[in-house]
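Visitor:
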Amino acid sequence: MPIAQATAGSNLLTPADHTLVMIDFQSQMAFATKSIDAVTLRNNAALVAKAAAAFKVSTILTTVAEKTFSGPMFDEIKSVFPGQKVFDRTSMNTWEDSAVIGEVNRLGKSRIVLSGLWSSVCIVGPAMSAIDQGFEVYVIADACGDVSDEAHQRAMERMIQQGARPMTSLQYLLELQRDWARAESYDRTVAVSIAHGGSYGLGLVYAHAMFGGHES
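See below:
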């Protein structure tokens with residue numbers, strides 16, 4: 000019989016063990032996205048970006064044909080990483096862009112977390128390519144979207160079949176925090192949850208205001 004220990008499982012993410020890649024959060028890509036509404040998509044993208052910034056996660060921002068077709072990356076993301084280089088590509092598959100891969104190798108993390116548009120093209124491509132090269136891949140499903148529910152779901156299933164691990168944007172934030180006694184990141188985690196965590200964020204506002212509630 001195994002012996003339980005008060006330690007985290009090895010499959011849980013930590014701020015230092017992965018690179019977050021945010022892909023093609025651009026207006027032209029969002030116009031055709033139907034599996035998630037634009038307001039929710041922008042909110043979840045902001046949540047992921049702010050979570051990564053709060054925990055100093057290695058982050059790569061990339062667009063496709065920014066100047067000629069797809070437009071700039073969402074300001075909800077760019078404003079969180081002021082001055083950070085955005086890698087603009089011609090390839091639909093981020094993993095086939097040598098500049099992006101050079102940055103992946105420079106950062107040197109064996110785990111890759113993906114979010115972006117569209118699930119069936121711009122997320123499937125790097126997910127399956129990275130898995131093929133021995134990386135562990137996580138996909139933030141509600142910070143991705145596609146031209147239909149069918150397209151998004153089939154893409155998620157295809158990636159999961161190859162070993163990708165799905166998660167949500169709020170799960171990503173809380174997995175990085177993981178212990179409310181971690182005082183150094185507590186305030187930032189609560190602030191992001193209140194701003195972008197939907198009903199959970201409202202619950203935090205209520206508990207703090209009415210009862211002086213505090214998770215730790």
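Those letters in the sequence shown? Residues 0 to 215, by numbering that gives the first Met the number 0.
Beta carbons: idealized from backbone N, C-alpha and C, even for Gly.
Computed from a prediction, not measured in an experiment: that's the story for all the values here.
#1: Going by beta-carbon coordinates alone, are M0 and S114 separated by less than 7 Å?
#2: What number of angstroms, rounded off, separates the C-alpha of M166 from the C-alpha of E183?
#3: So what does K25 bridge to, in DSSP terms?
#4: Looking only at its own chain, which residues have a Cβ that is under 7 Å from the Cβ of K108, when we skip the five neighbours before and after it?
#5: Hey, N43 and D141 are a contact pair by Cβ (cut 8 Å); roughly how many whole angstroms apart?
#6: Tell me the DSSP secondary structure of D141 in three-state form.
#7: Go through its chain and collect everything with a Cβ distance to I220's Cβ below 8 Å, but skip five positions before and after it.
#8: Could you check what DSSP says for S114 in three-state terms: helix, strand or coil?
#9: If we call anything under 7 Å between Cβ atoms a contact, is Q27 one with F68?
#10: Quick check on the DSSP output: what are the complete alpha helix (DSSP H) runs of length 4 or more inside the region 119–178, in order along the chain?
#11: Within a Cβ cutoff of 7 Å, which residues of the same chain sit near M72, ignoring the five residues on either side of it in sequence?
#12: Compute the beta-carbon to beta-carbon distance between V123 and R157, rounded to the nearest angstrom, for a pair I have assumed lies under 8 Å.
#13: What is the residue span of the beta strand (DSSP E) that F225 lies within?
#14: Does T39 come out as helix, strand or coil in the three-state DSSP assignment?
#15: With L46 and L203 assumed to form a contact (beta carbons below 8 Å), what rounded beta-carbon distance in angstroms separates them?
#16: Just to confirm, are D145 and W117 a CB contact at a threshold of 7 Å?
#17: Work out the CA separation of V120 and S195 for me, nearest whole Å.
#18: Quick check: does the Cβ of D141 come within less than 6 Å of any heavy atom belonging to the ligand SAH?
#19: Between the beta-carbon of V138 and the beta-carbon of A129, is there less than 7 Å?
#20: Give every residue of the same chain whose Cβ lies closer than 7 Å to the Cβ of I159, excluding the five residues on either side of it in the sequence, and list them in chain order.
#21: Taking 7 Å as the limit between beta carbons, can you name the residues of its chain near W94, skipping five residues before and five after?
Guide: Taking the structure as given:
#1: Here residue 0 refers to the residue found at position 1 of the sequence shown. Here residue 114 refers to the residue found at position 115 of the sequence shown. Not closer than 7 Å, so no.
#2: The sequence position of residue 166 within the sequence shown is 167, counting from 1. The sequence position of residue 183 within the sequence shown is 184, counting from 1. If you draw a straight line from the Cα of M166 to the Cα of E183, it comes to about 24 Å.
#3: As a first step, residue 25 must be located in the sequence shown, where it is residue number 26. The sequence given here has Gln at residue 25, not Lys. M72.
#4: Residue mapping note: residue 108 aligns to position 109 of the sequence shown, counting from 1. Contacts found: D16, H17, T18 and S57.
#5: Translated into the one-based positions of the sequence shown, residue 43 becomes position 44. Translated into the one-based positions of the sequence shown, residue 141 becomes position 142. Contact flag correct, Cβ pair sits at about 5 Å.
#6: Here residue 141 corresponds to residue number 142 of the sequence shown, with the count starting at 1. D141 falls in the strand class under three-state DSSP.
#7: There is no way to answer for residue 220, as the model of the chain reaches only from 0 to 215.
#8: By one-based count along the sequence shown, residue 114 stands at place 115. Strand at S114.
#9: Here residue 27 refers to the residue found at position 28 of the sequence shown. Here residue 68 refers to the residue found at position 69 of the sequence shown. Yes, Cβ-Cβ distance for Q27 and F68 is below 7 Å.
#10: If you keep only unbroken alpha helix (DSSP H) runs of at least 4 residues inside the region 119–178, you get 123–131, 148–160 and 168–176.
#11: Counting from 1 along the sequence shown, the entry for residue 72 is found at position 73. Within the same chain, M72 has close Cβ partners F24, Q25, L60, T62 and V85.
#12: One-based indexing of the sequence shown puts residue 123 at position 124. One-based indexing of the sequence shown puts residue 157 at position 158. About 6 Å; that satisfies the 8 Å criterion.
#13: The first residue shown for the chain is 0 and the last is 215, placing residue 225 beyond what the model contains.
#14: Taking the first residue of the sequence shown as 1, we reach residue 39 at position 40. The answer is helix: DSSP assigns T39 an H, G or I state.
#15: Reading the sequence shown from its first residue, position 47 is the one you call residue 46. Reading the sequence shown from its first residue, position 204 is the one you call residue 203. The pair is not a contact, with the Cβ atoms about 14 Å apart (cut-off 8 Å).
#16: Here residue 145 refers to the residue found at position 146 of the sequence shown. Here residue 117 refers to the residue found at position 118 of the sequence shown. A contact, by the Cβ cut-off of 7 Å.
#17: Position 196 of the sequence shown holds residue 195. Position 121 of the sequence shown holds residue 120. At residue 195 the sequence reads His, which differs from the Ser that was named. Whole-angstrom Cα-Cα distance: 27 Å.
#18: Within the structure as shown, the ligand SAH is missing, as the structure has no ligands at all.
#19: In the sequence shown, residue 138 corresponds to position 139, counting from 1. In the sequence shown, residue 129 corresponds to position 130, counting from 1. At least 7 Å separates the beta-carbon of V138 from that of A129.
#20: Residue 159 sits at position 160 when you count from the first residue of the sequence shown. Non-local beta-carbon contacts of I159 in its own chain, meaning distances under 7 Å to residues more than five positions away in sequence, involve P165 in chain order.
#21: Here residue 94 is taken as the residue at index 95 of the sequence shown, counted from 1. Once the five neighbours on either side are set aside, the close Cβ partners of W94 are I100, G124, P125, S128 and A129.
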